[in-house]
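Worksheet: one structure, shown below.
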Amino acid sequence: METVYLDAAETRAVREGDDGRIADTLSEYGFTPGNGEAVDLPGDVVNHLAHLGISGQPSHIAGYRIVVTDKCNMKCSYCFVDTNTGAPDLTEEDLRLGLDLLFEVNRGRPEVTYQWFGGEPTIRPDLMMAGDHYARELAEKFDVGSIQPTVVTNGAKINDDLIAHFKEFRYGVGVSIDGPPPTNSNERLLLSGKPADERIHRNIQRMLEAGIHVGANVTPTQWNVHELPDIVDYILSLGIKFLYVNTPIPAHGTWIAHGPDLARNLYQARMRALSRGGMLFSHLDRIYQALDSRRPRVFEHLQGCGGVNAALLPGGRISLLDLNWRDPRFIFTLDQIREDHSLLGRAAKDLHPFDGCKTCPALAICGGPSQNERLLRRTQIPTDDFCGFFNEGLALAVADNTALQ
474 METVYLDAAE TRAVREGDDG RIADTLSEYG FTPGNGEAVD LPGDVVNHLA
524 HLGISGQPSH IAGYRIVVTD KCNMKCSYCF VDTNTGAPDL TEEDLRLGLD
574 LLFEVNRGRP EVTYQWFGGE PTIRPDLMMA GDHYARELAE KFDVGSIQPT
624 VVTNGAKIND DLIAHFKEFR YGVGVSIDGP PPTNSNERLL LSGKPADERI
674 HRNIQRMLEA GIHVGANVTP TQWNVHELPD IVDYILSLGI KFLYVNTPIP
724 AHGTWIAHGP DLARNLYQAR MRALSRGGML FSHLDRIYQA LDSRRPRVFE
774 HLQGCGGVNA ALLPGGRISL LDLNWRDPRF IFTLDQIRED HSLLGRAAKD
824 LHPFDGCKTC PALAICGGPS QNERLLRRTQ IPTDDFCGFF NEGLALAVAD
874 NTALQ
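With the numbering used here, the residue at position 97 of the sequence shown is 570, and numbering never jumps.
In structure tokens, the structure reads:
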């Protein structure tokens, strides 16, 4: 079996169903019906990964999330970043030394990517601009084909200078929007307590008119999860064609959206976006990708090139986890990473370590919670919402014709 495992009852339903084409289609895509006997599903996945030449040991840092500052002009209740703590910003020296390492280990590659992050990174446009110009120099020095900077921003502080810079460096700009103004203002307000929707919308239009690639980052919560299809309509009405729905980050120890509800509404939102010429990306894509390509997608933080995306932090430090910057087990100096690449393996996922994983039909797509998920929840055990999301999403995707292309 390549990616998804059917249990005995599901196998009988496929075999004995009125429409034999279901079985034929699944067979063509590697879903071989079993006889209901007990099998070692985790072992099968590990063996198949070895057959595909996929290893959990990353060889290098493939990209950065550059944490410029923890300062932010907004306060969002679900944010996993402790903002406005008074901690020092990244220095230009930290930035240059960190970029040196990134380009050294990616010598000769066609592209190097990095993302500006905060807090609110546009509070320090000087660092962003200096870093991009230095990255361009390093790309030439290390024979890297191109650089691809991106930024995650609330969009409230975009000005003419930044727009010109984004255009020059062909930025991807991800603006955080959780819905129309009444929905967005539930959790996303300026520090003054006032909404900034009109200002953000104006800045989005200015960037689009300048030809900048703008996408929307939507965070699903208990307040907007049932509105996701309508939120797609709203964001498309702004002229944005690319949407990314974040995985609920358990900043307070649990998901802030019910997993099965999220899967169902993401499914509807995906269809809504496709029907209107938009593209919606989410954690649900891992299921579709597995169905389409028959390659297990169990390393959510490992790229196909064998690299890991790390966070560049103030003080010349690197966190191997791009969403967790506190746990000392994953934080190292630049020199430590240079001297011992085996340290990167600490970011690797411990595949399906729980008893429930052994019989889970989503096993080969999920693989168990990532290190980020575990640390943010402060427990090693996956939440019911995490498991429910993948199981519900898998059931929807298998029945969806667009999954089998």
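C-beta atoms are modelled at their ideal positions from N, C-alpha and C, and glycine is treated no differently.
Quick caveat, the model's predicted, so the values are computed rather than measured.
Residues near residue i in its chain [Cβ-Cβ closer than 6 Å; skip 5 each side]
i, result
"R768", "Unreliable placement is indicated for R768, whose pLDDT of 46 sits below 50; no coordinate value is reported for it."
"L701", "N738, A742"
"S755", "V718, L739"
"A608", "L572, I620"
"A560", "D543"
"D480", "Bear in mind that the predicted position of D480 carries a pLDDT of just 46, short of 50, making it too unreliable to give a figure here."
"T586", "G536, Q621"
Nonlocal neighbours in the same chain, by C-beta distance under 8 Å from residue i, ignoring five residues either side
i, result
"T656", "W696, N697, E700, I704"
"W798", "V540, A784, L786, S792, I804"
"P531", "L775, G779, G780, V781, L817, G818, A820, A821"
"M547", "E593, N627, A629, R661, L662, L663, L664, A669"
Which listed residue (the options) has its alpha carbon closest to that of residue i
i, options, result
"D616", "M601, N579, G628", "N579"
"R538", "R679, I596, R759, V781", "V781"
"F827", "I534, N845, S748, Q853", "Q853"
"T564", "M547, G789, H756", "G789"
"P855", "G829, D873, L869, I838", "G829"
"R643", "K714, G684, L817, C860", "G684"
"L869", "D758, L794, L807, R802", "D758"
"Y551", "I810, D706, A535, T727", "T727"
"G536", "E577, R597, N546", "E577"
"C860", "V871, T586, T832", "T832"
"I636", "L836, T595, L794", "T595"
"T692", "H686, S658, R675", "S658"
"E641", "T558, H686, T806, R675", "H686"
"Q762", "R675, T694, D873", "D873"
"G840", "K614, D823, R850", "D823"
"R597", "L794, E613, D562", "D562"
"V625", "C545, L836, L807", "C545"
Anticipated Cβ contact below 8 Å, residue i with residue j, distance rounded
i, j, result
"K630", "E593", "7 Å"
"Y717", "G647", "7 Å"
"I760", "L867", "5 Å"
"N719", "L796", "Actually they are not in contact, since the Cβ atoms of N719 and L796 sit about 10 Å apart, beyond 8 Å."
"M680", "F639", "7 Å"
"N864", "P834", "7 Å"
"G581", "T542", "The pair is not a contact, with the Cβ atoms about 32 Å apart (cut-off 8 Å)."
"H885", "H533", "With the chain running from 474 to 878 in the structure shown, residue 885 is simply not present."
CB contact flag (residue i, residue j, <9 Å)
i, j, result
"L572", "L611", "yes"
"L735", "D633", "no"
"E566", "G618", "no"
"G645", "G712", "no"
"S649", "N690", "yes"
"I708", "P721", "no"
"I677", "N627", "no"
"Q588", "T556", "no"
"I620", "D605", "yes"
"C549", "E682", "no"
"F715", "M752", "yes"
"F553", "P733", "no"
"I810", "L574", "yes"
Contacts around residue i, its chain only, beta-carbon distance under 7 Å, and the 5 residues preceding and following it disregarded
i, result
"D800", "L848"
"P654", "P668, D670"
"G652", "N697, E700, I704, Y707"
"R569", "Y607"
"R749", "L709"
"T558", "D543"
"L807", "L570, G571, L574, G789, I791"
Closer than 8 Å: residue i CB and nearest the ligand PLP heavy atom
i, result
"A629", "No copy of the ligand PLP occurs in the structure displayed, which carries no ligand at all."
C-beta neighbour in chain B for residue i, strict 9 Å
i, result
"N864", "In the structure shown, chain B does not exist; there is a single protein chain."
| Residue ranges of each alpha helix (DSSP H) run of no fewer than 4 residues wholly in the stretch 618-663, ordered along the chain? | 633-641, 654-657
| request: Please go through the stretch 731-816 and give each complete alpha helix (DSSP H) segment of 4 or more residues, from N-terminal end onward. | output: 732-748, 758-766, 807-812
| query | Counting only runs that start and end within the stretch 555-626, where is the alpha helix (DSSP H) found for 4 or more residues in a row? | reply | 565-577, 598-614
| query | Which ranges would you report for the beta strand (DSSP E) in the stretch 679-727 if only whole runs of at least 3 residues count? | reply | 686-691, 715-718
| request: Let me know the alpha helix (DSSP H) ranges lying completely inside the stretch 817-857, each 4 residues or longer, listed in chain order. | output: 836-839, 844-850
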